[in-house]
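Residue numbers (my numbering): 2 to 261.
From the three backbone atoms N, C-alpha and C, an ideal C-beta is built for every residue, glycine too.
This is the structure:
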């Protein structure tokens, strides 16, 4: 499959719209049923989401209710959106191509808070880090074909970037793909100081967040020394992540026993 990945609010819906316009078959609904108007307004062109957002693996394929099976050989040209946590749990046999977009952490935090989709039980800045570090780690370990770019680099020259990615995929109409990008819809005003967005993440770590985004935005490879710094930041932030997760699990257990 041609997997579109990233965090929420990172351009995944935009990329699905581009690939659908290019003429690729796709998996997912443009507007899943029951979605509120606020969420619809966030992506007026649609979301293209499906049960596979959480990954393509034994839990989702065959479909747990219908038993329908998506075989790798017959779905190689299909575009599908899978957020990063699902990507790292997906069977590599389905990862024929991966288009990953990364958004500046400040814009990500502002966007998820504005829309009220801060639903990972982690502060948004920390969630941004966990997802994007997991993406880099998965690409390094499993080595499937991937095209990683920044949200801003696509918006600066959508025609050029769309044409390059469609050519890399090897199928689809690049001109039709480029025509559907509307950069004016995608800009997210941050409107808040860094300190209000940082979620108690140390400023030294935030500098690495910024440097990571700058590398991706410029299309620069990650040097060995910078990868060492990424690993060091992840080790430093991991206790905070585990503490948050343990707190959520404890609350769930307390709620279960409290209802008895």
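Quiz item: Are the beta-carbon atoms of residue 112 and residue 218 separated by less than 8 angstroms?
Solution: Contact: no.
Quiz prompt | Selected residue, minimal CA-CA separation from residue 1, among 239, 3 and 76 | solution = Residue 1 lies beyond the stretch modelled for the chain, which goes from 2 to 261, so this question has no answer here.
Self-check item: Separation of residue 5 from residue 139, as counted between CA atoms
Solution: Approximately 15 angstroms between the Cα atoms of the pair.
Self-check item: Under 8 angstroms between C-beta atoms of residue 92 and residue 57
Solution: Yes, these two residues count as a Cβ contact at 8 angstroms.
Quiz item: Below 8 angstroms between beta carbons: does that hold for residue 177 and residue 80?
Solution: Contact: no.
Quiz item: Based on Cα-Cα distance, which residue from 172, 18 and 49 lies nearest to residue 77?
Solution: The alpha carbon of residue 77 has as its nearest neighbour, out of 172, 18 and 49, the alpha carbon of 172.
Quiz item: Does DSSP put residue 8 in a helix, a strand or coil?
Solution: Residue 8: coil per DSSP, three-state reduction.
Quiz item: When the Cα atoms are used, what is the spatial distance from residue 163 to residue 124?
Solution: Their backbone Cα atoms lie some 32 angstroms apart in a straight line.
Quiz item: How big is the Cα-Cα spacing for residue 209 and residue 179?
Solution: Their Cα atoms are separated by approximately 32 angstroms.
Quiz item: So, residue 85 versus residue 132, is the Cβ gap smaller than 8 angstroms?
Solution: Yes.
Self-check item: Continuous alpha helix (DSSP H) stretch holding residue 13: start and end
Solution: Start and end: 13-22.
Quiz item: Buried or exposed: which applies to residue 8, given that a residue is buried once 16 or more other Cβ atoms fall within 10 Å of its Cβ?
Solution: Per the 10 Å Cβ criterion, buried.
Exercise. Alpha carbon to alpha carbon, how far is residue 97 from residue 71? Give it in angstroms, no decimals.
Key: Rounded to whole angstroms, residue 71 to residue 97 spans 14 angstroms at the Cα level.
Quiz item: In three-state terms, what does DSSP make of residue 204?
Solution: Correct three-state label for residue 204: helix.
Self-check item: Reduced DSSP secondary structure (H/G/I, E/B, other) of residue 142
Solution: For residue 142, the three-state secondary structure derived from DSSP is helix.
Quiz item: If you compare alpha carbons, which of 74, 149 and 104 is closest to residue 220?
Solution: For the residues 74, 149 and 104, the minimum Cα distance to residue 220 belongs to 149.
Exercise. Output the boundary residues of the alpha helix (DSSP H) element that contains residue 114.
Key: Annotation for residue 114: the continuous alpha helix (DSSP H) segment containing it runs 106-116.
Quiz item: Ordered along the chain, which non-local residues of its own chain (more than five positions away) have a Cβ less than 6 angstroms from that of residue 182?
Solution: Result list for residue 182: 159, in chain order.
Exercise. Give the secondary structure of residue 59 by DSSP, where H, G and I count as helix, E and B as strand, and everything else as coil.
Key: The three-state secondary structure of residue 59, taken from DSSP, is coil.
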